[in-house]
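Before any comments, here is the structure.
Numbering (the numbering used here), first residue to last: 4 to 450.
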(Lines of atoms letter the chains of each structure in order from A and count residues from 1; the text may use other names and numbers.)
(Lines give C-alpha, C1' and ligand atoms only; values in the text may rest on other atoms or scores of the structure.)
Protein backbone atom coordinates (compact mmCIF):
# COMPACT_ATOMS: atom_id res chain seq x y z
CA UNK A 1 0.00 0.00 0.00
CA UNK A 2 1.33 3.43 -1.01
CA UNK A 3 1.00 5.94 1.81
CA UNK A 4 0.27 8.68 -0.74
CA UNK A 5 -2.92 6.76 -1.62
CA UNK A 6 -3.83 5.64 1.92
CA UNK A 7 -6.09 7.35 4.44
CA UNK A 8 -3.89 8.01 7.47
CA UNK A 9 -4.91 11.26 9.21
CA UNK A 10 -2.01 11.79 11.62
CA UNK A 11 -2.27 14.55 14.22
CA UNK A 12 0.80 16.62 15.05
CA UNK A 13 -0.50 17.80 18.42
CA UNK A 14 -1.67 15.63 21.30
CA UNK A 15 -5.45 16.06 21.79
CA UNK A 16 -6.27 17.70 25.11
CA UNK A 17 -9.07 15.26 25.92
CA UNK A 18 -6.75 12.23 25.80
CA UNK A 19 -5.83 11.26 29.37
CA UNK A 20 -3.81 8.08 28.87
CA UNK A 21 -1.10 6.93 26.48
CA UNK A 22 -3.24 4.62 24.34
CA UNK A 23 -5.91 7.27 23.82
CA UNK A 24 -3.32 9.86 22.81
CA UNK A 25 -1.50 7.54 20.44
CA UNK A 26 -4.65 6.09 18.84
CA UNK A 27 -5.87 9.59 18.03
CA UNK A 28 -2.47 10.88 16.89
CA UNK A 29 -1.72 7.81 14.76
CA UNK A 30 -5.08 7.98 12.99
CA UNK A 31 -6.50 4.74 14.36
CA UNK A 32 -9.76 6.21 15.66
CA UNK A 33 -11.83 9.38 15.68
CA UNK A 34 -14.21 10.32 18.49
CA UNK A 35 -17.76 10.90 17.24
CA UNK A 36 -19.42 11.49 20.61
CA UNK A 37 -18.72 10.69 24.27
CA UNK A 38 -17.38 7.13 24.42
CA UNK A 39 -18.19 6.39 20.76
CA UNK A 40 -15.47 6.13 18.11
CA UNK A 41 -15.13 5.63 14.39
CA UNK A 42 -12.44 3.09 13.52
CA UNK A 43 -10.25 4.45 10.76
CA UNK A 44 -8.40 2.18 8.28
CA UNK A 45 -5.22 1.64 10.31
CA UNK A 46 -7.13 0.95 13.52
CA UNK A 47 -9.57 -1.35 11.76
CA UNK A 48 -6.72 -3.45 10.39
CA UNK A 49 -5.41 -4.00 13.92
CA UNK A 50 -8.90 -4.75 15.22
CA UNK A 51 -9.47 -7.31 12.46
CA UNK A 52 -6.16 -9.05 13.20
CA UNK A 53 -7.06 -9.31 16.88
CA UNK A 54 -10.46 -10.79 16.10
CA UNK A 55 -8.85 -13.26 13.67
CA UNK A 56 -6.60 -14.62 16.45
CA UNK A 57 -9.57 -14.81 18.82
CA UNK A 58 -11.60 -16.72 16.25
CA UNK A 59 -8.81 -19.20 15.58
CA UNK A 60 -8.37 -20.01 19.27
CA UNK A 61 -12.11 -20.20 19.96
CA UNK A 62 -12.56 -22.56 17.03
CA UNK A 63 -9.57 -24.63 18.16
CA UNK A 64 -11.20 -25.01 21.59
CA UNK A 65 -14.41 -26.29 20.02
CA UNK A 66 -16.56 -23.16 20.23
CA UNK A 67 -18.92 -22.52 17.29
CA UNK A 68 -19.44 -19.03 15.89
CA UNK A 69 -22.83 -17.43 15.36
CA UNK A 70 -24.01 -13.81 15.30
CA UNK A 71 -26.69 -12.30 17.51
CA UNK A 72 -28.32 -8.89 16.98
CA UNK A 73 -27.37 -5.76 18.87
CA UNK A 74 -31.03 -4.92 19.69
CA UNK A 75 -32.76 -7.28 22.15
CA UNK A 76 -36.27 -7.63 23.55
CA UNK A 77 -36.79 -6.40 27.11
CA UNK A 78 -39.00 -9.46 27.71
CA UNK A 79 -35.96 -11.78 27.63
CA UNK A 80 -34.29 -9.78 30.36
CA UNK A 81 -37.45 -9.79 32.45
CA UNK A 82 -37.41 -13.59 32.27
CA UNK A 83 -33.96 -13.72 33.84
CA UNK A 84 -34.79 -10.99 36.35
CA UNK A 85 -32.03 -8.67 35.15
CA UNK A 86 -34.02 -6.00 33.29
CA UNK A 87 -34.65 -3.79 36.30
CA UNK A 88 -31.52 -4.85 38.18
CA UNK A 89 -28.99 -3.97 35.47
CA UNK A 90 -29.14 -0.22 36.03
CA UNK A 91 -28.76 2.91 33.94
CA UNK A 92 -25.84 1.45 31.94
CA UNK A 93 -28.47 -0.36 29.84
CA UNK A 94 -29.79 1.74 26.95
CA UNK A 95 -33.54 1.13 26.93
CA UNK A 96 -35.56 2.06 23.84
CA UNK A 97 -39.00 1.56 22.30
CA UNK A 98 -39.71 0.77 18.66
CA UNK A 99 -42.51 2.37 16.61
CA UNK A 100 -44.98 -0.16 18.01
CA UNK A 101 -44.06 0.80 21.58
CA UNK A 102 -42.36 -2.55 22.18
CA UNK A 103 -39.67 -2.26 24.83
CA UNK A 104 -36.22 -3.04 23.47
CA UNK A 105 -32.64 -2.51 24.57
CA UNK A 106 -29.20 -2.18 23.02
CA UNK A 107 -27.50 -5.31 24.32
CA UNK A 108 -24.74 -4.85 26.89
CA UNK A 109 -24.27 -8.66 26.97
CA UNK A 110 -26.03 -11.73 25.58
CA UNK A 111 -26.69 -14.35 28.29
CA UNK A 112 -30.47 -14.05 27.90
CA UNK A 113 -30.54 -14.16 24.12
CA UNK A 114 -28.19 -17.14 23.81
CA UNK A 115 -30.24 -19.00 26.42
CA UNK A 116 -33.40 -18.30 24.41
CA UNK A 117 -31.73 -19.60 21.24
CA UNK A 118 -30.50 -22.69 23.06
CA UNK A 119 -33.88 -23.63 24.55
CA UNK A 120 -35.58 -23.20 21.16
CA UNK A 121 -33.48 -25.89 19.50
CA UNK A 122 -31.62 -28.15 21.93
CA UNK A 123 -33.69 -30.92 23.47
CA UNK A 124 -31.42 -33.82 24.43
CA UNK A 125 -28.35 -34.40 26.57
CA UNK A 126 -26.85 -36.01 23.44
CA UNK A 127 -26.48 -32.53 21.92
CA UNK A 128 -24.19 -31.40 24.73
CA UNK A 129 -21.63 -30.07 25.47
CA UNK A 130 -22.15 -26.98 23.33
CA UNK A 131 -20.30 -23.66 23.21
CA UNK A 132 -21.59 -20.85 21.01
CA UNK A 133 -19.78 -17.55 20.53
CA UNK A 134 -20.06 -14.38 18.53
CA UNK A 135 -18.12 -11.16 17.98
CA UNK A 136 -20.53 -8.24 18.09
CA UNK A 137 -20.79 -4.57 19.02
CA UNK A 138 -22.30 -3.81 22.42
CA UNK A 139 -23.36 -0.70 24.28
CA UNK A 140 -23.15 0.23 27.94
CA UNK A 141 -24.11 3.78 28.85
CA UNK A 142 -21.17 4.49 31.12
CA UNK A 143 -21.77 7.46 33.40
CA UNK A 144 -18.29 8.74 32.57
CA UNK A 145 -16.67 7.13 29.52
CA UNK A 146 -12.93 7.68 29.76
CA UNK A 147 -9.58 6.67 28.33
CA UNK A 148 -10.67 6.30 24.71
CA UNK A 149 -11.64 2.77 23.71
CA UNK A 150 -10.38 1.46 27.06
CA UNK A 151 -13.68 2.43 28.68
CA UNK A 152 -16.05 3.44 25.91
CA UNK A 153 -19.81 3.17 25.62
CA UNK A 154 -19.85 1.29 22.31
CA UNK A 155 -17.34 -1.56 22.12
CA UNK A 156 -16.63 -4.80 20.27
CA UNK A 157 -16.95 -7.97 22.35
CA UNK A 158 -16.29 -11.64 21.82
CA UNK A 159 -18.62 -13.51 24.11
CA UNK A 160 -18.93 -17.29 24.27
CA UNK A 161 -21.53 -19.32 26.17
CA UNK A 162 -21.17 -22.93 27.25
CA UNK A 163 -23.97 -25.43 27.98
CA UNK A 164 -23.39 -28.68 29.88
CA UNK A 165 -25.29 -31.43 31.68
CA UNK A 166 -23.39 -31.46 34.97
CA UNK A 167 -21.33 -29.00 37.02
CA UNK A 168 -18.29 -31.20 36.40
CA UNK A 169 -18.79 -31.01 32.62
CA UNK A 170 -19.33 -27.26 33.00
CA UNK A 171 -15.99 -27.00 34.80
CA UNK A 172 -14.30 -28.71 31.84
CA UNK A 173 -15.90 -26.20 29.47
CA UNK A 174 -14.62 -23.43 31.73
CA UNK A 175 -11.13 -24.94 31.62
CA UNK A 176 -11.24 -25.05 27.82
CA UNK A 177 -11.86 -21.33 27.66
CA UNK A 178 -9.27 -20.66 30.38
CA UNK A 179 -6.60 -22.41 28.28
CA UNK A 180 -7.83 -20.84 25.02
CA UNK A 181 -7.51 -17.41 26.61
CA UNK A 182 -3.93 -18.05 27.69
CA UNK A 183 -3.05 -18.96 24.10
CA UNK A 184 -5.01 -16.05 22.62
CA UNK A 185 -3.24 -13.37 24.62
CA UNK A 186 0.19 -14.97 24.21
CA UNK A 187 -0.24 -14.86 20.42
CA UNK A 188 -0.74 -11.11 20.73
CA UNK A 189 2.54 -10.71 22.58
CA UNK A 190 0.90 -10.41 26.01
CA UNK A 191 1.47 -12.17 29.30
CA UNK A 192 -2.03 -12.30 30.75
CA UNK A 193 -2.30 -13.45 34.37
CA UNK A 194 -5.60 -15.08 35.43
CA UNK A 195 -6.81 -13.62 38.72
CA UNK A 196 -9.78 -14.66 40.83
CA UNK A 197 -12.43 -12.01 40.31
CA UNK A 198 -15.85 -10.84 41.37
CA UNK A 199 -18.67 -11.88 39.06
CA UNK A 200 -20.60 -8.59 39.25
CA UNK A 201 -23.87 -8.35 37.26
CA UNK A 202 -23.05 -11.49 35.24
CA UNK A 203 -23.35 -13.67 38.35
CA UNK A 204 -21.98 -17.02 39.49
CA UNK A 205 -19.35 -18.04 42.00
CA UNK A 206 -16.42 -18.93 39.72
CA UNK A 207 -14.77 -16.16 37.77
CA UNK A 208 -11.32 -15.10 36.54
CA UNK A 209 -10.08 -11.87 35.05
CA UNK A 210 -7.09 -12.03 32.70
CA UNK A 211 -4.81 -9.14 33.58
CA UNK A 212 -1.76 -7.72 31.81
CA UNK A 213 0.69 -5.65 33.81
CA UNK A 214 1.23 -2.09 32.60
CA UNK A 215 2.48 1.03 34.35
CA UNK A 216 -0.58 2.89 33.13
CA UNK A 217 -3.01 0.16 34.22
CA UNK A 218 -6.41 1.16 35.57
CA UNK A 219 -6.24 -0.79 38.85
CA UNK A 220 -3.76 -2.25 41.34
CA UNK A 221 -3.09 -5.98 41.20
CA UNK A 222 -0.99 -8.39 43.24
CA UNK A 223 0.65 -11.62 42.10
CA UNK A 224 3.59 -14.00 42.31
CA UNK A 225 6.41 -13.03 39.94
CA UNK A 226 6.70 -16.57 38.55
CA UNK A 227 3.62 -15.88 36.42
CA UNK A 228 5.82 -13.69 34.25
CA UNK A 229 7.94 -16.70 33.25
CA UNK A 230 5.13 -19.19 32.57
CA UNK A 231 4.93 -20.41 28.97
CA UNK A 232 1.50 -20.53 27.28
CA UNK A 233 -0.14 -23.89 26.45
CA UNK A 234 1.16 -25.37 23.19
CA UNK A 235 -0.72 -25.20 19.91
CA UNK A 236 -1.23 -28.97 19.90
CA UNK A 237 -2.99 -29.05 23.29
CA UNK A 238 -5.89 -31.51 23.16
CA UNK A 239 -8.99 -29.75 24.43
CA UNK A 240 -10.79 -33.07 24.92
CA UNK A 241 -8.14 -34.15 27.44
CA UNK A 242 -9.75 -33.15 30.74
CA UNK A 243 -6.73 -33.97 32.87
CA UNK A 244 -4.30 -32.03 30.67
CA UNK A 245 -6.48 -28.94 30.81
CA UNK A 246 -7.04 -29.32 34.55
CA UNK A 247 -3.28 -29.48 35.10
CA UNK A 248 -2.74 -26.26 33.13
CA UNK A 249 -5.49 -24.45 35.04
CA UNK A 250 -4.10 -25.68 38.37
CA UNK A 251 -0.64 -24.39 37.43
CA UNK A 252 -1.98 -20.95 36.46
CA UNK A 253 -4.16 -20.68 39.57
CA UNK A 254 -1.77 -22.29 42.04
CA UNK A 255 0.10 -19.10 42.92
CA UNK A 256 -1.22 -15.92 44.46
CA UNK A 257 -2.89 -13.52 42.02
CA UNK A 258 -5.66 -11.08 42.87
CA UNK A 259 -7.22 -7.83 41.79
CA UNK A 260 -7.61 -5.07 44.38
CA UNK A 261 -11.24 -6.14 44.98
CA UNK A 262 -10.19 -9.70 45.82
CA UNK A 263 -6.84 -8.91 47.46
CA UNK A 264 -6.06 -10.64 50.76
CA UNK A 265 -3.03 -8.91 52.34
CA UNK A 266 -2.56 -11.73 54.83
CA UNK A 267 -2.38 -14.37 52.10
CA UNK A 268 -0.13 -12.15 49.95
CA UNK A 269 2.31 -11.80 52.85
CA UNK A 270 2.81 -15.58 52.75
CA UNK A 271 4.44 -15.16 49.32
CA UNK A 272 8.23 -14.76 49.69
CA UNK A 273 9.02 -11.05 49.65
CA UNK A 274 11.31 -11.33 46.63
CA UNK A 275 8.48 -12.98 44.66
CA UNK A 276 5.77 -10.43 45.42
CA UNK A 277 4.63 -8.24 42.55
CA UNK A 278 2.44 -5.24 43.25
CA UNK A 279 1.67 -3.40 40.04
CA UNK A 280 -0.93 -1.76 37.85
CA UNK A 281 -2.98 -4.00 35.61
CA UNK A 282 -5.44 -3.91 32.71
CA UNK A 283 -8.24 -6.45 32.31
CA UNK A 284 -8.23 -8.01 28.83
CA UNK A 285 -10.61 -10.92 29.38
CA UNK A 286 -13.16 -12.22 31.89
CA UNK A 287 -14.66 -15.70 32.21
CA UNK A 288 -17.55 -16.90 34.39
CA UNK A 289 -19.19 -20.17 35.38
CA UNK A 290 -22.66 -19.47 36.78
CA UNK A 291 -24.41 -22.83 36.70
CA UNK A 292 -28.19 -22.42 36.40
CA UNK A 293 -28.47 -18.65 37.02
CA UNK A 294 -30.05 -18.09 33.60
CA UNK A 295 -31.11 -21.57 32.54
CA UNK A 296 -33.34 -22.08 35.59
CA UNK A 297 -35.54 -18.96 35.35
CA UNK A 298 -35.59 -19.19 31.53
CA UNK A 299 -36.33 -22.95 31.59
CA UNK A 300 -33.40 -24.04 29.43
CA UNK A 301 -33.66 -27.80 29.93
CA UNK A 302 -32.79 -30.99 28.06
CA UNK A 303 -33.96 -34.55 28.50
CA UNK A 304 -31.46 -36.82 30.25
CA UNK A 305 -30.64 -40.44 29.50
CA UNK A 306 -33.54 -41.46 31.78
CA UNK A 307 -35.97 -39.11 30.06
CA UNK A 308 -36.09 -36.65 32.96
CA UNK A 309 -35.56 -32.95 32.43
CA UNK A 310 -32.17 -31.51 33.35
CA UNK A 311 -31.54 -27.78 33.79
CA UNK A 312 -28.32 -27.05 31.91
CA UNK A 313 -25.16 -25.62 33.45
CA UNK A 314 -23.84 -22.45 31.79
CA UNK A 315 -20.76 -20.28 31.61
CA UNK A 316 -19.86 -17.13 29.68
CA UNK A 317 -16.49 -15.95 28.42
CA UNK A 318 -15.66 -12.44 27.24
CA UNK A 319 -12.81 -10.70 25.44
CA UNK A 320 -13.08 -7.08 24.28
CA UNK A 321 -11.14 -6.78 21.00
CA UNK A 322 -11.58 -3.00 20.82
CA UNK A 323 -10.36 -2.64 24.41
CA UNK A 324 -7.44 -4.97 23.61
CA UNK A 325 -6.11 -2.55 20.99
CA UNK A 326 -5.71 0.09 23.69
CA UNK A 327 -4.39 -2.38 26.27
CA UNK A 328 -1.66 -3.59 23.93
CA UNK A 329 -0.58 -0.01 23.26
CA UNK A 330 -0.48 0.69 27.02
CA UNK A 331 1.83 -2.30 27.43
CA UNK A 332 3.93 -1.67 24.31
CA UNK A 333 4.95 1.89 23.43
CA UNK A 334 7.74 4.40 23.86
CA UNK A 335 8.11 8.17 23.56
CA UNK A 336 8.06 7.97 19.76
CA UNK A 337 4.82 6.03 19.48
CA UNK A 338 3.26 2.58 19.31
CA UNK A 339 5.27 -0.66 19.17
CA UNK A 340 3.00 -3.31 17.65
CA UNK A 341 3.67 -7.04 18.17
CA UNK A 342 4.31 -8.74 14.83
CA UNK A 343 1.06 -10.71 14.87
CA UNK A 344 -1.33 -7.75 15.04
CA UNK A 345 0.59 -4.93 13.35
CA UNK A 346 -1.50 -3.22 10.64
CA UNK A 347 1.46 -3.61 8.28
CA UNK A 348 4.49 -5.71 9.12
CA UNK A 349 6.93 -3.57 7.16
CA UNK A 350 7.20 0.14 6.46
CA UNK A 351 9.41 1.33 3.63
CA UNK A 352 10.53 4.96 3.54
CA UNK A 353 11.81 6.39 0.27
CA UNK A 354 14.14 9.15 1.47
CA UNK A 355 14.41 10.82 -1.95
CA UNK A 356 11.26 10.41 -4.00
CA UNK A 357 11.95 11.03 -7.67
CA UNK A 358 15.48 9.67 -7.55
CA UNK A 359 15.67 6.84 -10.08
CA UNK A 360 17.69 4.49 -7.86
CA UNK A 361 15.66 4.93 -4.66
CA UNK A 362 12.35 4.69 -6.54
CA UNK A 363 13.46 1.50 -8.29
CA UNK A 364 14.77 -0.23 -5.14
CA UNK A 365 11.66 0.71 -3.12
CA UNK A 366 9.37 -0.71 -5.79
CA UNK A 367 11.42 -3.93 -5.90
CA UNK A 368 11.37 -4.26 -2.11
CA UNK A 369 7.59 -3.80 -2.00
CA UNK A 370 7.14 -6.47 -4.66
CA UNK A 371 9.48 -8.96 -2.98
CA UNK A 372 7.95 -8.54 0.47
CA UNK A 373 4.37 -8.73 -0.80
CA UNK A 374 5.23 -11.83 -2.83
CA UNK A 375 6.43 -13.35 0.48
CA UNK A 376 2.97 -12.72 1.95
CA UNK A 377 3.79 -9.64 4.01
CA UNK A 378 1.78 -6.44 4.28
CA UNK A 379 3.83 -3.39 3.37
CA UNK A 380 3.20 0.32 3.78
CA UNK A 381 5.36 2.26 1.31
CA UNK A 382 5.93 5.91 2.23
CA UNK A 383 6.25 7.43 -1.23
CA UNK A 384 5.21 10.94 -0.14
CA UNK A 385 7.29 13.95 -1.08
CA UNK A 386 8.17 14.68 2.56
CA UNK A 387 11.42 15.30 4.39
CA UNK A 388 13.09 12.17 5.84
CA UNK A 389 12.52 13.24 9.45
CA UNK A 390 8.77 13.34 8.92
CA UNK A 391 8.86 9.83 7.45
CA UNK A 392 10.90 8.47 10.36
CA UNK A 393 8.47 10.02 12.83
CA UNK A 394 5.44 8.58 11.02
CA UNK A 395 6.83 5.03 10.95
CA UNK A 396 7.74 5.19 14.64
CA UNK A 397 4.38 6.69 15.61
CA UNK A 398 2.30 4.00 13.88
CA UNK A 399 4.61 1.32 15.25
CA UNK A 400 5.28 -1.00 12.31
CA UNK A 401 7.59 -3.84 13.48
CA UNK A 402 10.12 -3.47 10.65
CA UNK A 403 11.31 -0.40 8.79
CA UNK A 404 13.42 -0.20 5.65
CA UNK A 405 14.98 3.20 4.95
CA UNK A 406 16.10 3.69 1.36
CA UNK A 407 18.28 6.69 0.51
CA UNK A 408 20.77 7.58 -2.24
CA UNK A 409 23.79 7.60 0.12
CA UNK A 410 23.19 4.06 1.29
CA UNK A 411 22.41 2.80 -2.20
CA UNK A 412 25.69 4.24 -3.42
CA UNK A 413 27.25 1.60 -1.19
CA UNK A 414 24.70 -1.02 -2.22
CA UNK A 415 22.85 -0.97 1.12
CA UNK A 416 19.57 -0.03 2.76
CA UNK A 417 18.95 0.50 6.47
CA UNK A 418 16.77 -2.02 8.31
CA UNK A 419 15.34 -1.02 11.68
CA UNK A 420 13.58 -3.24 14.22
CA UNK A 421 10.99 -1.01 15.90
CA UNK A 422 10.80 -3.01 19.14
CA UNK A 423 14.50 -2.89 19.98
CA UNK A 424 15.76 0.02 17.88
CA UNK A 425 18.39 -2.31 16.40
CA UNK A 426 19.65 -1.19 12.98
CA UNK A 427 21.40 -3.12 10.22
CA UNK A 428 22.78 -2.07 6.86
CA UNK A 429 22.11 -4.73 4.26
CA UNK A 430 21.90 -5.23 0.54
CA UNK A 431 18.24 -4.83 -0.55
CA UNK A 432 17.76 -8.52 -1.32
CA UNK A 433 19.32 -9.43 2.04
CA UNK A 434 16.98 -7.02 3.81
CA UNK A 435 14.01 -8.89 2.37
CA UNK A 436 15.39 -12.26 3.43
CA UNK A 437 16.22 -10.95 6.92
CA UNK A 438 12.70 -9.66 7.58
CA UNK A 439 10.86 -12.62 6.06
CA UNK A 440 12.96 -15.09 8.07
CA UNK A 441 12.47 -13.16 11.32
CA UNK A 442 8.68 -12.94 10.91
CA UNK A 443 8.36 -16.61 10.01
CA UNK A 444 10.45 -17.61 13.01
CA UNK A 445 8.27 -15.44 15.30
CA UNK A 446 5.10 -17.03 13.91
CA UNK A 447 6.39 -20.59 14.33
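Where is the CB? At the ideal position from N, CA and C, for every residue including glycine.
- Annotation: the continuous alpha helix (DSSP H) that includes residue 377 extends over 362–377.
- Residue 141 sits close to residue 160, with the two beta carbons spaced by under 8 Å.
- Nearest neighbour of residue 287 by Cα position, chosen from 192, 420, 214, turns out to be 214.
- Sequence-distant Cβ neighbours of residue 411 in its own chain, meaning closer than 8 Å and more than five residues away, are 357, 358, 361, 363, 364.
- Counting only runs of 3+ residues, the beta strand (DSSP E) found wholly inside the region 106–137 occupies 106–109, in chain order.
- DSSP, read as helix, strand or coil, puts residue 440 in helix.
- Taken in chain order, the complete beta strand (DSSP E) segments of 3 residues or longer contained in the region 211–269 are 222–227, 260–262.
- Ranked by how close their Cα comes to the Cα of residue 135, the residues 66, 403, 447, 385 have 66 in first place.
- Apart from sequence neighbours up to five positions away, the residues of its chain that approach residue 336 with a beta-carbon distance below 7 Å are 24, 28, 342, ordered along the chain.
- DSSP lists 159 as the beta-bridge partner residues of residue 140.
- The Cβ-Cβ distance between residue 185 and residue 236 falls below 8 Å.
- In this structure residue 118 does not touch residue 384 by the C-beta definition: roughly 50 Å separates them, more than the 8 Å allowed.
- Look at residue 27 here: in three-state DSSP terms it is helix.
- Judged by beta-carbon spacing, residue 35 lies beyond the 8 Å limit of residue 156, meaning their Cβ atoms are not closer than that value.
- In this structure, the beta-carbon distance from residue 260 to residue 230 falls below 8 Å.
- Taking a C-beta distance under 8 Å as the contact criterion, residue 52 and residue 349 qualify as a contact pair.
- Note that the region 393–412 touches the region 421–430; at least 3 beta-carbon pairs, one per stretch, sit closer than 8 Å.
- Counted as a single uninterrupted DSSP element, the beta strand (DSSP E) harbouring residue 289 occupies residues 279–294.
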